Structures are given as structure tokens and as C-alpha cells.
Amino acid sequence: MRWKAAVQAIYIFGATLLTCSLLLEGIFIRLLLVPYLRESNFLPTHCIILDTYYPTNEMRRCDTRLPKLTSAFPCLVRQPYWCSIRPCHLRTARNAMIVRTFNWSLVRTHAFPCYLQDNVVILNKLWDLSTTSHALLWPVFTALLSVILIFLNWRFAGRRGWRQETNSP
97 MRWKAAVQAI YIFGATLLTC SLLLEGIFIR LLLVPYLRES NFLPTHCIIL
147 DTYYPTNEMR RCDTRLPKLT SAFPCLVRQP YWCSIRPCHL RTARNAMIVR
197 TFNWSLVRTH AFPCYLQDNV VILNKLWDLS TTSHALLWPV FTALLSVILI
247 FLNWRFAGRR GWRQETNSP
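Following the working numbering, the numbering of the sequence shown begins with 97 at its first residue and continues without gaps.
Quick look at the structure:
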């Protein structure tokens, strides 16, 4: 009689453990994995410069009225476009030399940290890879353990723990 109660308790414990681990896994996937995968587009990666091109005839003249167009530098993105930075040198030759120096330093570095999307930088991540992997793997481990527990209990005890006794006089 006691072994039947123990078999029933093991079945109930295993089923409860399996249900809780599956619920936790679903919650953790929604709260941790989905944002982590979306966040990967905003993380720095390594870019390699294949070639640089800067037409010196498109050098913009320094003007105090247009501070944003003081000197033109190419921006490093997948779709190239032009951008400008400060400070501006009054002589065009000086600006051209600064641009050449900038291009030379980029080519010399060859590989540098960059971002997949323009103007997007995440400074601090909420969860790192270790936290995410622990949150996802422990419920999976618990679910597998509960399935093994239920299987072993079924294998050795079978359905005998759930059979009703017939009280015959």
C-alpha cells in the first residue's frame, strides 16, 4: 500500500517538475532569448576596410555660416555617404591632408570595431551570454530530468500504483 502512494507521489512530482520547467522555459525564452537575439544587431562587430576613395575635388570650403559642412569625411557604413566633422582648417590643402591622414589611418588599421546598423550603439547589455545560457539550459535540464524520472517510474512500477484495489469480502 505504501509503495503505491510513493509511486503516485513520484508521478505527480515528475509531472509537476516537467510542467514548471516548460513554463519557465517559455517565460525565459520570451524575456531573455528574444531580446538577446534582437540585440545582436546592435552589438559591435569587426569590419575590414577593402578600399577607400575620396575625391579631392569635392572638398567643401570652410565657412562660418555652415559649421556642419566644414570638412567632408566619408562615413564608414555599408551604403557610403558623406559626412562632415569639425574642426575646419581655413586652407583647403590642410583639409585635404587631414582627410588623407584619416583615410591612411583607417587603411593601416585594416580591422576595426563597427556596428551593423548606422547610428546604433548599446553601451550596456542587460544580460550577457552566460546569464542567458544559464536561464535557458537549467529549465531544459530540469525538464529532461523529470522526463527520465517519469519514464523510470513507469518502467519499474508501471501502472500498478494507479490501480484501485477491489475490496472483496
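C-beta atoms are modelled at their ideal positions from N, C-alpha and C, and glycine is treated no differently. This one's a predicted model, so the numbers in the text were calculated from it and none came from an experiment.
Within the continuous beta strand (DSSP E) that includes residue i, where are the two ends?
| i | result |
| --- | --- |
| Ile106 | Premise fails: Ile106 lies in the alpha helix (DSSP H), Arg98 to Phe124, not in any beta strand (DSSP E). |
Measure from the alpha carbon of residue i to the alpha carbon of each residue in the options, then state which is nearest.
| i | options | result |
| --- | --- | --- |
| His142 | Trp234, Val243, Gly254 and Ala207 | Ala207 |
| Thr112 | Leu146, Trp200, Val243 and Leu133 | Val243 |
| Phe237 | Asn249, Cys116, Ala105 and Ile108 | Cys116 |
| Ser201 | Trp99, Ile145, Ala189 and Ile106 | Ile145 |
For residue i, which of helix, strand or coil comes out of DSSP?
| i | result |
| --- | --- |
| His230 | helix |
| Ile144 | strand |
| Lys164 | In this prediction, Lys164 scores a pLDDT of 47, lower than 50, which makes its location untrustworthy; the coordinate-derived value is nonetheless stated afterwards. If DSSP states are grouped into helix, strand and coil, Lys164 belongs with the helices. |
| Pro170 | Interpretation of Pro170 is limited by its pLDDT of 47, a score under 50 that renders its predicted location unreliable; no figure is taken from the coordinates. |
Residue range of the alpha helix (DSSP H) that residue i falls in?
| i | result |
| --- | --- |
| Leu202 | Thr188 to Thr205 |
Alpha carbon to alpha carbon, how far is residue i from residue j?
| i | j | result |
| --- | --- | --- |
| Ala192 | Leu232 | 54 Å |
| Phe252 | Leu118 | 25 Å |
| Asn102 | Leu240 | Looking at the sequence provided, one finds Ala at residue 102 rather than Asn. Cα to Cα, Ala102 sits roughly 21 Å from Leu240. |
| Leu225 | Leu133 | 11 Å |
| Thr188 | Asn199 | 16 Å |
Do residue j and residue i come within 7 Å of each other at the CB atom, strictly closer than that value?
| i | j | result |
| --- | --- | --- |
| Thr228 | Leu128 | yes |
| Leu245 | Gly110 | yes |
| Ile108 | Asn249 | no |
| Pro140 | Pro209 | yes |
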